[in-house]
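Residues 51 to 210, numbered by the working numbering, are exactly what the sequence shown covers, in order.
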Amino acid sequence: MSEQESVPQPTRWLSAEEQHAWRAWLYSTLLLQDRLDRDLTRATGISHAYYEILVQLSETPGRALRMSDLADRCLSSRSRLSHAVSRLEERGWVRRQVCEDDGRGQLAVLTDEGFAALEQAAPVHVESVRTHLFDQLTPEQVRALQDIGQTLQAHLSPPR
51 MSEQESVPQP TRWLSAEEQH AWRAWLYSTL LLQDRLDRDL TRATGISHAY YEILVQLSET
111 PGRALRMSDL ADRCLSSRSR LSHAVSRLEE RGWVRRQVCE DDGRGQLAVL TDEGFAALEQ
171 AAPVHVESVR THLFDQLTPE QVRALQDIGQ TLQAHLSPPR
């Protein structure tokens, strides 16, 4: 066997406890995302994905980001983000402009109307997060959730 060929490692199967933890985490996060999206869409007409775009833009200087950076921050493909920004442009909430730094890239810019829509949607979103997540947890569980989230982010996030 050459050095380039690797010896297959045995599968590290999950224990019964790990399997239960995995499934509980997976299903609960899927259910939570679905509930947050339904609550927000029903009350405001804004999907959670669009809300996240507005939030990301609102939290940056000048309320503007390169489209590629916005896609990365929203964990979205560039084509999916471009489509979403087009929908937000139709509502007058976001506009595109050429990046002055290099003249090639595009910026997504949050408009005043988009910021106003975000301000109206934020209380609905926060109440939904509080009701469906934090009201269900003890303070110790919240601290554990933060610790777990930060550990996984550190492991899974691409280097910047």
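Ideal placement from N, C-alpha and C gives every residue a C-beta, glycine not left out.
Backbone CA spacing between residue i and residue j [nearest angstrom]
i	j	result
residue 157	residue 128	13 Å
residue 184	residue 191	9 Å
residue 131	residue 120	8 Å
residue 98	residue 198	23 Å
residue 82	residue 56	41 Å
residue 186	residue 61	35 Å
residue 145	residue 109	16 Å
residue 203	residue 151	30 Å
residue 93	residue 102	16 Å
residue 78	residue 149	40 Å
residue 68	residue 135	40 Å
residue 209	residue 200	15 Å
Expected contact under 8 Å - CB spacing of residue i and residue j to nearest Å
i	j	result
residue 143	residue 164	3 Å
residue 123	residue 147	With a Cβ gap of about 18 Å, residue 123 and residue 147 do not count as contacting.
residue 167	residue 104	7 Å
residue 172	residue 96	10 Å between Cβ atoms; not a contact.
residue 72	residue 64	6 Å
residue 85	residue 182	5 Å
With 16 other Cβ atoms within 10 Å as the buried cut-off, status of residue i
i	result
residue 254	With the chain represented from 51 up to 210, any question about residue 254 goes unanswered, as that position is not in the structure.
residue 100	buried
residue 125	exposed
residue 138	buried
Check whether the region 102-119 and the region 155-172 are in contact - that is, three or more C-beta pairs closer than 8 Å.
yes
Inter-stretch contact (C-beta, 8 Å, three-pair minimum) for the region 79-89 and the region 163-183:
yes
In chain order, what are the residue ranges of uninterrupted beta strand (DSSP E) at least 3 long that sit wholly in the region 152-186?
156-160
Fully enclosed by the region 112-154, which alpha helix (DSSP H) runs are 4 residues long or longer?
117-123, 128-140
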